[in-house]
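Presented below is the structure to which this report refers.
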Amino acid sequence: MTKRIAVVPGDGIGPEVIREGMKVLDYLNESAKLGLEFTHFGWNADTYLATGISMPPGAMEDIRDNFDAVFLGAYGDPRVPDMKHAADILLGMRFQLDLYVNYRPVKLLDERLSPLKGKGMKEIDFVIFRENTEGAYVGMGGIFKKGTADEIAVQEDVNSRRGVERIIRYAFEYAKANGRKSVCMADKNNVMRFGGDLWIRTFEEVAKEYPAIEHFHMFVDALTMQMVRMPEMFDVIVTNNMFGDIVTDLGAALQGGLGMAASGNIHPGRVSLFEPIHGSAPKYAGKDHANPIGAILTAAMMLEFLGFKPESDRIEKAVTQAIAASETTSDLGGKLGTAAAGEAILRHLKGV
Ligand code: IPM
Ligand code: MN
Numbered sequence: 025m026t027k028r029i030a031v032v033p034g035d036g037i038g039p040e041v042i043r044e045g046m047k048v049l050d051y052l053n054e055s056a057k058l059g060l061e062f063t064h065f066g067w068n069a070d071t072y073l074a075t076g077i078s079m080p081p082g083a084m085e086d087i088r089d090n091f092d093a094v095f096l097g098a099y100g101d102p103r104v105p106d107m108k109h110a111a112d113i114l115l116g117m118r119f120q121l122d123l124y125v126n127y128r129p130v131k132l133l134d135e136r137l138s139p140l141k142g143k144g145m146k147e148i149d150f151v152i153f154r155e156n157t158e159g160a161y162v163g164m165g166g167i168f169k170k171g172t173a174d175e176i177a178v179q180e181d182v183n184s185r186r187g188v189e190r191i192i193r194y195a196f197e198y199a200k201a202n203g204r205k206s207v208c209m210a211d212k213n214n215v216m217r218f219g220g221d222l223w224i225r226t227f228e229e230v231a232k233e234y235p236a237i238e239h240f241h242m243f244v245d246a247l248t249m250q251m252v253r254m255p256e257m258f259d260v261i262v263t264n265n266m267f268g269d270i271v272t273d274l275g276a277a278l279q280g281g282l283g284m285a286a287s288g289n290i291h292p293g294r295v296s297l298f299e300p301i302h303g304s305a306p307k308y309a310g311k312d313h314a315n316p317i318g319a320i321l322t323a324a325m326m327l328e329f330l331g332f333k334p335e336s337d338r339i340e341k342a343v344t345q346a347i348a349a350s351e352t353t354s355d356l357g358g359k360l361g362t363a364a365a366g367e368a369i370l371r372h373l374k375g376v
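Next up, the structure:
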C-alpha cells in the first residue's frame, strides 16, 4: 500500500537538513520497497514574501485528505519578524489537523554527548508528551488601551477537559505499550489554579485506569531541575503546550543539543507531521554547517509511525554508529559538513 508523504523543507537550514533526511528515506524506500511516495511543497518565507500567501487555498485540505505524513524542516526568517507564515503553516497544521500529541523523545545516543556529569545513556532515556492544540498557543486574548500608560494585555491559557484527557491518556497508553514504568505530569497548579485543577483531577482519574503504571505530579520548575539533576527518574512526562515547548528544549540539550532532537505532531490514525525540534537557524542557512541528525531521526520517527519499525531502528543504529565514529558536524565535535554527515549515516545504514 502506498504511503503519501508531503515534504515541506521550509526556511533557513530546513532545506539542507531535509535533503539529508530524504537521502535516507529514498534509500530505504527503494531497497526495502516501502512504497513511499513523496510530494515536495515549497511553502516558505520566500514564497510568502513574494505572494503574501503562506499556504495556497485548499492546501491544508489536500494534506488532510490525501497524505499519510508530513516531513517538515523548519520555519522562521528574519524578513518576516512576526513569523506570520510560520504560524500559518506550522501552528496552522497543528491546530487545523488536530495534531494533539507532540511526541518528543529524550534519548542519549552516545556517552560522549552527555552534558551531565555522571549521567549517560542509561540515565537519559525518557519521552515527553506535550499537549499540542490548546493552552497558551490558542491565541486568545487582546490588548486594551494599546500604546498608553494604562495598556493592558491579556493572553488566555485554554484547557479543555477533552484536550487534557486525550493527551494524558495517550501518555499512559504509550507507557503501557512501551514497557515504561511511570508517567509524570508537570504543571504549575500551585499558581495556575483553574487550569491546574483540571489537569490534576484528570490525571488522577486517568491514572486509575492504569494501575500497573506509577504516576506522580511535579511542578514544572522542579521538573527542569530534576531533568538535569536526576534524569533517570523519568520515563514518560506529560505537560501542557507552553511548558512542553520549554522543557523539550532542555530535553534536546540532554541529548547533545538541539541538532539531535526529533519530534512528531501526531493524531493517531490521521495524517501527522514530523519535524526536527531545532529552528531555521538563518545565520547557518546554505553554509553546510547544520547537524542533519535531528532531521534524520525525525525521518526514523515518521517511518515508525507509518508502520516501518525495523527500518526506523536501522536509521537510529546508523546514526549511533556515525556518532561513535565521530563522523559528525562540529556541534558534536566532528569535522564534517551537513551533506558529508548525512552521507556518513547513509553509508552506515547500508551496513546495518
Ligand atoms: C517548537 C517551536 C514552535 C513552538 C515555534 C516555532 C512556534 O519552538 O516547535 O517547539 O513554540 O511550538
Ligand atoms: Mn520550541
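Throughout, the numbering used here is defined as the position within the sequence shown, counted from one, plus 24. Even for Gly, the Cβ is constructed at its ideal location relative to N, Cα and C.
- In this structure, F258 sits near F150, with a CB-CB distance shorter than 7 Å.
- In the DSSP annotation of this structure, G165 is not part of any alpha helix (DSSP H); the continuous beta strand (DSSP E) holding it starts and ends at 165-168.
- Of the other Cβ atoms in all chains shown, 16 or more fall within 10 Å of the Cβ of D35; this residue is therefore buried.
- If you ignore the 5 residues before and after G220, its C-beta comes within less than 8 Å of the C-beta of D211, K212, N213, N214, all in its own chain and listed in chain order.
- Counting along the chain, the unbroken alpha helix (DSSP H) around I192 starts and ends at 185-201.
- For the pair N183 and V125, the Cα-to-Cα distance works out to about 15 Å.
- In its chain, beyond the 5 residues on either side, G34, D35, G36, I37, G38, G97, A98, Y99, G100, D101 have a beta carbon closer than 8 Å to the beta carbon of S304.
- The beta-carbon distance between L114 and H291, rounded to whole angstroms, is 15 Å. This is too long to meet the 8 Å contact definition.
- Proximity to G76 across T63, R43, A110 peaks at A110, based on C-alpha coordinates.
- The C-alpha of I148 lies about 9 Å from the C-alpha of M251.
- Runs of alpha helix (DSSP H) with 4 or more residues, each lying fully within the stretch 219-299, are found at 244-253, 265-278, listed in chain order.
- Note on the stretch 75-119: whole alpha helix (DSSP H) runs with a minimum of 4 residues are 83-90, in chain order.
- Excluding sequence positions up to five before and after L360, its CB lies within less than 7 Å of the CB of E351, T352, T353, A368, all in the same chain and listed in chain order.
- Ranked by Cα distance from V343, the options P105, A93, K131 are led by K131.
- The C-beta separation of A83 from V295 comes to about 13 Å, leaving the pair out of contact by the 8 Å criterion.
- With contacts defined by Cβ atoms closer than 7 Å, T272 and P300 do not form a contacting pair.
- With contacts defined as CB atoms closer than 7 Å, T157 and I192 fail to qualify as a contacting pair.
- For Y308 and P80, the gap between their C-alpha atoms comes out near 28 Å.
- The beta carbon of E238 sits closer than 7 Å to those of K205, S206, all from its chain and outside the five residues before and after it, given in chain order.
- In this structure, DSSP gives Y127 an extended state, which the three-state scheme calls strand.
- Taking C-beta atoms as the reference points, I167 and A160 fail to come closer than 7 Å.
- Per the Cβ contact rule, the stretch 279-290 is not in contact with the stretch 259-268 (fewer than 3 Cβ pairs under 8 Å).
- Annotated three-state conformation of H372 is helix, per DSSP.
- Between the C-alpha atoms of P334 and E44 there is a straight-line separation of about 20 Å.
- Of the candidates R128, F65, R185, the residue whose Cα lies closest to the Cα of L274 is R128.
- In the structure shown, K333 falls within a helical segment according to DSSP collapsed to helix, strand and coil.
- With a cut-off of 6 Å, the C-beta of D355 is classified as distant from the ligand MN, since no heavy atom of the ligand falls inside that distance.
- Burial check for S287: the Cβ neighbour count within 10 Å reaches 16 or more, so the residue is buried.
- For K47, the enclosing alpha helix (DSSP H) begins and ends at 38-55.
- For F153, the enclosing beta strand (DSSP E) covers residues 149-155.
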